[in-house]
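Undergrad: Protein chains in written order, with our numbering: chain A, 419 to 654; chain B, 419 to 654. Where is the CB? At the ideal position from N, CA and C, for every residue including glycine.
2 protein chains.
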Amino acid sequence: MMIAVAVPDDEEAEFTERQREVLDVVLALMVEEGDGFSVARIARAASCSKESLYKWFGDRDGILTATVQWQASRVRAGEYDRQRLDAAQLRKSLEGFAANWLSVISSKTSIALNRVAVSHAGNGRSRLGQIVLANGRFAIGERLKPILEAGRAAGILDFESSEEAFRAFFGLVGRDVQIRFLLGDDFLLDEETIATDARRAIDQFLVLFGTGKDGKKNAGGTGDAPAAGEAKISII
Amino acid sequence: MMIAVAVPDDEEAEFTERQREVLDVVLALMVEEGDGFSVARIARAASCSKESLYKWFGDRDGILTATVQWQASRVRAGEYDRQRLDAAQLRKSLEGFAANWLSVISSKTSIALNRVAVSHAGNGRSRLGQIVLANGRFAIGERLKPILEAGRAAGILDFESSEEAFRAFFGLVGRDVQIRFLLGDDFLLDEETIATDARRAIDQFLVLFGTGKDGKKNAGGTGDAPAAGEAKISII
DNA sequence: CATGTACCGTACCGTACGGTACGGCGTCAA
DNA sequence: TTGACGCCGTACCGTACGGTACGGTACATG
Chain A
419 MMIAVAVPDD EEAEFTERQR EVLDVVLALM VEEGDGFSVA RIARAASCSK
469 ESLYKWFGDR DGILTATVQW QASRVRAGEY DRQRLDAAQL RKSLEGFAAN
519 WLSVISSKTS IALNRVAVSH AGNGRSRLGQ IVLANGRFAI GERLKPILEA
569 GRAAGILDFE SSEEAFRAFF GLVGRDVQIR FLLGDDFLLD EETIATDARR
619 AIDQFLVLFG TGKDGKKNAG GTGDAPAAGE AKISII
Chain B
419 MMIAVAVPDD EEAEFTERQR EVLDVVLALM VEEGDGFSVA RIARAASCSK
469 ESLYKWFGDR DGILTATVQW QASRVRAGEY DRQRLDAAQL RKSLEGFAAN
519 WLSVISSKTS IALNRVAVSH AGNGRSRLGQ IVLANGRFAI GERLKPILEA
569 GRAAGILDFE SSEEAFRAFF GLVGRDVQIR FLLGDDFLLD EETIATDARR
619 AIDQFLVLFG TGKDGKKNAG GTGDAPAAGE AKISII
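(1) With distances taken between CB atoms, is the gap from Ser-511 of chain A to Ile-565 of chain A smaller than 8 Å?
(2) Under the DSSP definition of a beta bridge, which residues are partnered with Leu-575 of chain A?
(3) Under 8 Å by Cβ, that's how I've got Arg-561 of chain A and Thr-483 of chain A pegged, so tell me the actual separation to the nearest angstrom.
(4) Would you list, in chain order, the members of the segment 607-634 of chain B that have their beta-carbon closer than 9 Å to a beta-carbon of chain A?
(5) Taking 7 Å as the limit between beta carbons, can you name the residues of its chain near His-538 of chain A, skipping five residues before and five after?
(6) Please confirm if the segment 575-590 of chain B is in contact with the segment 611-631 of chain B, defined as three or more CB-CB distances below 8 Å between the two stretches.
(7) If you scan the segment 427-488 of chain A from start to end, which runs of the beta strand (DSSP E) of 3 or more residues do you find wholly inside it?
(8) Given 8 Å as the limit, is there contact between the segment 464-478 of chain B and the segment 513-520 of chain B, that is, 3 or more CB pairs closer than that?
(9) Could you round the C-beta distance between Gly-385 of chain B and Arg-533 of chain B to whole angstroms and report it? I think they count as a contact, below 8 Å.
(10) Apply the 10 Å Cβ neighbour rule to Ala-458 of chain A and answer buried if 16 or more other Cβ atoms are within range, or exposed otherwise.
(11) Answer yes or no: does any C-beta atom of chain A fall closer than 8 Å to that of Arg-509 of chain B?
(12) Answer with yes or no whether the minimum CB distance from Ser-537 of chain B to chain A is below 8 Å.
(13) By alpha-carbon positions, which one of A:Phe-577, A:Ala-446 and A:Ser-465 ends up nearest to Gly-436 of chain A?
(14) If we call anything under 8 Å between Cβ atoms a contact, is Val-486 of chain A one with Val-443 of chain A?
(15) What residues from the segment 560-582 of chain B come within 9 Å of chain A, judged by C-beta to C-beta, listed N to C?
(16) Just to confirm before moving on: does the CB-CB distance between Ile-654 of chain A and Phe-599 of chain A stay below 8 Å?
(17) Can you tell me where the alpha helix (DSSP H) with Gly-589 of chain B in it begins and where it stops?
(18) Am I right that Leu-508 of chain A and Gly-569 of chain A are in contact with their C-beta atoms under 8 Å? What's the rounded C-beta distance?
(19) For Gly-496 of chain A, count the other beta carbons within 10 Å of its own beta carbon; 16 or more makes it buried, fewer makes it exposed. Which is it?
(20) Could you tell me which chain A residues have their CB closer than 8 Å to the CB of Val-550 of chain B, listed as they occur along the chain?
(21) Out of A:Phe-515, A:Ala-505 and A:Asp-504, state which residue places its alpha-carbon closest to the alpha-carbon of Ala-613 of chain A.
(22) If we call anything under 8 Å between Cβ atoms a contact, is Lys-631 of chain A one with Ile-574 of chain A?
Now the structure itself:
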């Protein structure tokens, strides 16, 4: 299957207002009950008829797929603004990116969507796995790489392949967080823990990929909390 | 739920020979078809009666739980032999550990079990998530930490918390591999890629946590392939 | 041989679910 | 006013599945 490059998965089915309302209800159901609800349950919760659901989305998998696409398309705003690069700014961007991503993957919404997508990836039904992959893992890769490359161009970072640098970033930031949440280990990961985890991850990342030519290398204690106004990366 | 410490999940239900045969068939079904097979399908595939299945395992969830436990108990052998510590030996152990774990999480069996466990963790049914967590993530943690601590005691490694050091190891080795496989991205990860990935991960790990007092720090090109005879870590 | 045990194969039951059909209601345009 | 349209609510249908029951067989034990 091997997802190639594409991020947006350009099939952008537009939904009507009513349909979006319904999809939000489905999303809430997925968060609360996983994948185990019936179409009748959706209709009841959303106060709509099963007939409408089938007319709009085809079948049950179509409902779930539309829900995931709707959620994925939701936060496609917030482009990263390419500011003038100095090491402190880069560090701040990376920390904001890391903290944001950590808060996303620990959110109930992301966990629920990933769970459904993973279970659907098992048996062949539906493309949910690919959709989540494209809008999660690969989307944030495509968003982070330009930042990394800008850092390299400015002489602050050093790496051969931005893909490999990104994967190291992914590992250092995410560690065991996502798999633990997916498997139901609901350990505490509050705002503060996320901030310190993000800082530690970026410290480590800069040790591995920083040139040390600009900015306090491996200092780590001074900066304030990761920028709150950073671009939302991905909701999945 | 926050799994505390325990690894073996000591409820070790012993299974008869016939039951183990059946559980292997269930495992094969899970690998091939995910979670979407009926109990009748198991009975047909295993040439046993549904009545026996229900007598042995209670209900369908009991069958799946027994399957996961059986697989988990399978490779609990292979203890790490505490050899005399020098840096080259430690590096070799870590590389072997990493390569072994990568080959496990990219195996069809592990992917299938984790998928089922993740989907069951969504709705509350069954303890599959916790079982997989205990025998996967936490089991390898408990196996690796003594090695890391031995390395620290020998002055080769430096870290405050072995838990944190292990989580960094986990991230550097696993990166995006597990989530990509779980979501159905069947990219190539052959023996050779695993070996080089393991070496790169350990190089990075040693940059972050090595003291550099012993052994070629950050050299990376010389060692041969990771020891093949290393202990099997975990099958999940 | 008689009895018990463990199991297989199959038939059976109740239910829950995916998907369809239909009647009714509000809205809007001619 | 009339008709078309979109939608809700509900009733309906077929099926597939979880779980149980039962008859039949092999085997072991006395």
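TA: Checking against the coordinates, here is how it stands:
(1) Taking the first sequence and counting its residues from 1, one reaches residue 511 of chain A at position 93. Taking the first sequence and counting its residues from 1, one reaches residue 565 of chain A at position 147. Yes.
(2) On the first sequence, residue 575 of chain A is found 157 positions in, with the first residue counted as 1. Answer by DSSP bridge pairing, in chain order: A:Gly-628.
(3) Indexing the first sequence from 1 puts residue 561 of chain A at position 143. Indexing the first sequence from 1 puts residue 483 of chain A at position 65. Actually they are not in contact, since the Cβ atoms of Arg-561 of chain A and Thr-483 of chain A sit about 23 Å apart, beyond 8 Å.
(4) Arg-618, Ala-619, Gln-622, Val-625 and Leu-626
(5) Sequence index remark: in the first sequence, residue 538 of chain A carries index 120 (1-based). Correct list, in chain order: Ser-544, Leu-546 and Gly-547.
(6) yes
(7) none
(8) no
(9) Because chain B is modelled from 419 through 654, residue 385 of chain B falls outside the range shown and cannot be assessed.
(10) As a first step, residue 458 of chain A is located in the first sequence; it is residue number 40 there, counting from the start. Answer is exposed; the Cβ neighbour count stays below 16.
(11) In the second sequence, counting from the first residue as 1, residue 509 of chain B sits at position 91. No, because no Cβ of chain A sits closer than 8 Å to the Cβ of Arg-509 of chain B.
(12) Numbered from 1 along the second sequence, position 119 holds the residue referred to as residue 537 of chain B. Yes, its Cβ sits closer than 8 Å to a Cβ of chain A.
(13) One-based indexing of the first sequence puts residue 436 of chain A at position 18. Going by the sequence as given, residue 436 of chain A is Arg instead of Gly. The residue with the shortest Cα to Cα distance from Arg-436 of chain A is A:Ser-465.
(14) Your numbering for residue 486 of chain A matches position 68 in the first sequence. Your numbering for residue 443 of chain A matches position 25 in the first sequence. Result no, Cβ atoms of Val-486 of chain A and Val-443 of chain A do not sit closer than 8 Å.
(15) Glu-582
(16) Walking along the first sequence from the start, residue 654 of chain A turns up at place 236. Walking along the first sequence from the start, residue 599 of chain A turns up at place 181. Not a contact, by the Cβ cut-off of 8 Å.
(17) For this step, residue 589 of chain B is matched to residue 171 along the second sequence. Taken as a continuous stretch (DSSP letters only), the alpha helix (DSSP H) holding Gly-589 of chain B covers 580-592.
(18) For the purposes of this step, residue 508 of chain A is taken as residue 90 along the first sequence, with counting starting at 1. For the purposes of this step, residue 569 of chain A is taken as residue 151 along the first sequence, with counting starting at 1. At roughly 5 Å, the Cβ-Cβ gap stays under 8 Å, so Leu-508 of chain A and Gly-569 of chain A are in contact.
(19) What you label residue 496 of chain A is simply residue 78 of the first sequence in a count that begins at 1. Confidence at Gly-496 of chain A is low in this model, with a pLDDT of 47, below 50, so the placement of that residue should be treated as unreliable; the coordinate-derived value is given next. That one is exposed.
(20) Along the second sequence, read from residue 1 onward, the residue named residue 550 of chain B stands at position 132. Ordered by position in chain A, the residues that pass the 8 Å Cβ test against Val-550 of chain B are Leu-601.
(21) Position 195 of the first sequence holds residue 613 of chain A. Checking every option, the nearest Cα to that of Ala-613 of chain A belongs to A:Phe-515.
(22) For the purposes of this step, residue 631 of chain A is identified with residue 213 of the first sequence, where counting begins at 1. For the purposes of this step, residue 574 of chain A is identified with residue 156 of the first sequence, where counting begins at 1. Yes, they are a contact pair.
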